[in-house]
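Please read the structure below before turning to the comments.
Chains as they are written, first to last, in our numbering: chain W, 1 to 87; chain G, 1001 to 1140.
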């Protein structure tokens, strides 16, 4: 099945791309996708622990089972708003 | 009203969106670019969003606020791109019959926005830039 992957902010900058495509076997989870991406982009390994994931624009954890055509976003720590720094 | 804009935020449409004859209070919050952070002299902030998801998460914050407090309406607008010092990156307006509910709901909304809405901030300062909340900042 084909998965579209989107990268933002620090991840987009580090990987020098804002999206990618992955082909995974049926039944693959978000965790499987992350492992696949870490092999493809070793720069992701260091960031993986701080990254959240969303499937089709909803937060989803590593156990979430993917479906063909899903859009998965890698979400580094968010910091919208302004004022106090959010670390 | 839940929007992402790339120009300066105008508060008037937010006030229009939440104003109502039954409201006795409208509370507004503006988050602005501060010229210093963590000992650094900040020259500007730059915001990036996952727009489709950000709008959906902002809408959920509105729904949660309405379920927890007796508010009439809530509006949230976030600016992306470069936001110069002194200008607003986010605006929230909440209306309610009595002021306590609007104050509390507005406070909740900005705190929650910073936790869950997929919008990222890059701080440009004298001598470098850093993605706030990440470990990938670099000085040069």
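The beta-carbon is built from N, C-alpha and C at its ideal position, and this holds for glycine as well.
Treat the numbers as computed from the prediction; the structure is a model and nothing was measured.
Kindly indicate the opening and closing residues of the alpha helix (DSSP H) around residue 1067 of chain G. 1051 to 1068
Is it the case that the region 1108 to 1121 of chain G contacts the region 1076 to 1089 of chain G, given that we only count it when at least three CB pairs across the two stretches are under 8 Å? yes
Give the straight-line distance between the Cα atoms of residue 1130 of chain G and residue 1120 of chain G, rounded to the nearest whole angstrom. 11 Å
Report yes if the CB atom of residue 1095 of chain G is closer than 7 Å to the CB atom of residue 1010 of chain G, and no otherwise. no
Nearest chain G C-beta to residue 7 of chain W closer than 7 Å, yes or no? no
Between the alpha carbons of residue 4 of chain W and residue 21 of chain W, how many angstroms are there, rounded? 5 Å
Kindly indicate if chain W contains any beta-carbon less than 7 Å away from that of residue 1060 of chain G. no
Within 10 Å of its beta-carbon, does residue 1033 of chain G have 16 or more other beta-carbons around it, so buried, or fewer, so exposed? buried
Taking C-alpha atoms, which residue in G:1024, G:1059, G:1114, G:1089 lies nearest to residue 1001 of chain G? G:1059
Residues of chain G with CB under 8 Å from residue 57 of chain W, in chain order? 1050, 1052, 1053, 1056
Per DSSP, what are the beta-bridge partners of residue 2 of chain W in this structure? W:23
Residue 34 of chain W and residue 48 of chain W look like a contact to me (Cβ under 8 Å); what is the Cβ gap, rounded to whole Å? 6 Å
Give me the Cβ distance between residue 1042 of chain G and residue 1085 of chain G, rounded to the nearest whole Å; I'm assuming they're in contact under 8 Å. 7 Å
Below 8 Å on the Cβ atoms is my contact criterion, and I expect residue 63 of chain W with residue 55 of chain W to pass it. Report the Cβ-Cβ distance as a whole number of Å. Rounded, the Cβ-Cβ distance is 11 Å, inconsistent with contact.
Against residue 1116 of chain G, what residues of chain W qualify as contacts under a CB-to-CB distance less than 8 Å, listed in chain order? 59, 78
Just checking my contact of residue 1055 of chain G with residue 1004 of chain G at CB under 8 Å: how many whole Å lie between their CB atoms? 7 Å
Name the chain G residues whose beta carbon is nearer than 9 Å to that of residue 54 of chain W? 1050, 1053, 1118
Could you give the uninterrupted runs of the beta strand (DSSP E) lying entirely in the region 1085 to 1121 of chain G, keeping only those of 3 residues or more? 1088 to 1096
Does the CB of residue 10 of chain W have a neighbour CB from chain G at under 7 Å? yes
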